[in-house]
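Next comes the structure, spelled out in structure tokens:
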């Protein structure tokens, strides 16, 4: 293998910063070189592929392996928790709702009516935990991902731009629909609403310049879509470093596990420790760790840079001393 790419969304905002990481990962970030850039830009460059499609497009491509996907623009939405207090409404993480379940049918029917009034169609399948809307054109506004808005005031992160009013209205209306079907037995005051994000236009299929394998540690529709778009294999989540024969490997490992420390230790044990060992023995050229605002590169000489004691790029940490 020439290069290992570890994708850790939101790594830079990890609670506790670099000190929260297992020792091998800390060493990689300390001794590697940090480069600031966008997440999609970094992944496309490191995989040596064309610019990556938007998140909604990748989600749509998840169900189109070997088939021609539908053209046009796509927009994704996820149900998110909304927490009100005396001053504002705050956004929590996405909720794991099954839109295709029998229990959700009344809510889904009301949401479908809401969308039809806007000339939009949505037909969820069993197991769907997010929705996709086909659009005739660019929605003409800016959206933020659920990860980007987590913990922020709703009013500060609503869609902006010439077309923003339409989507702000649908966010508000979806809250009322979920509230209408809210169980009376619930004592908390949390609400639920739809969060729209990730718009993009369906591109032509692409392929990386060298053999690549994608390992998805979270069952992400976007990673399935990425593998389908590139025409590369999607490996089992239990795959380990020593089982990959391709020249390059992308490992997607979100940091949203309920047991974060165990998840990080598993990543270190299955991937980073054997990768660092292979690099010291000359069998792996480069290790990359990609976050949300940039990436770290560990070349063959980097492990010898013992004087480096800081891991830059973290929002909540000043680096390792």
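Residue numbers (this note's numbering): 15 to 335. Glycine included, every Cβ here is placed at the ideal spot set by N, Cα and C.
| Check | Outcome |
| --- | --- |
| Residue 303 in three-state terms, based on DSSP | strand |
| Backbone secondary structure at residue 174 - three-state DSSP | strand |
| Cβ contact (3+ pairs, closer than 8 angstroms) linking the stretch 207-224 and the stretch 48-55 | no |
| Cβ-Cβ distance between residue 302 and residue 284 below 8 angstroms | no |
| Stretch-stretch touch, CB-based, cutoff 8 angstroms, three pairs: the stretch 188-196 with the stretch 130-142 | no |
| Identity of the residue in 22, 66 and 40 nearest residue 221 by Cα | 66 |
| Own chain partners of residue 56 with C-beta closer than 6 angstroms, once the 5 adjacent residues on each side are dropped | 304 and 309 |
| Residue 47 - DSSP class collapsed to helix/strand/coil | strand |
| Buried versus exposed, by CB contacts within 10 Å (16 or more), residue 259 | exposed |
| Given residue 139 as reference, the closest of 177, 178 and 74 once Cα atoms are compared | 74 |
| The stretch 167-187 touching the stretch 88-104, judged by at least three CB pairs closer than 8 angstroms | yes |
| Contact set for residue 201: own chain, Cβ-Cβ below 7 angstroms, skip 5 residues either direction | At residue 201, the pLDDT of 47 sits below 50, so the modelled position is not reliable; the number obtained from the coordinates is stated separately. Contacts found: none. |
| Top-ranked residue by Cα proximity to residue 250, from 240, 236 and 232 | 232 |
| Residue 26 and residue 300 closer than 8 angstroms at C-beta | no |
| DSSP state of residue 266 mapped onto helix, strand, coil | strand |
| Spatial neighbours of residue 19 in its chain, beta-carbon cut-off 6 angstroms, leaving aside the 5 residues before and after | 60, 264 and 302 |
| Nonlocal neighbours in the same chain, by C-beta distance under 7 angstroms from residue 122, ignoring five residues either side | 113 and 138 |
| Nearest to residue 76 (by Cα), restricted to the options 238, 253, 313 and 269 | 238 |
| Distance between beta carbons of residue 96 and residue 205, contact taken as under 8 angstroms | 4 angstroms |
| Spatial neighbours of residue 124 in its chain, beta-carbon cut-off 8 angstroms, leaving aside the 5 residues before and after | 191, 194 and 195 |
| Cβ-based neighbour list, residue 312, same chain, cut-off 6 angstroms, excluding 5 preceding and 5 following | 42, 46 and 301 |
| Spatial distance of residue 63 from residue 223 (CA atoms) | 7 angstroms |
| Residue 276, buried or exposed, once every other Cβ within 10 Å from all chains shown has been counted against 16 | exposed |
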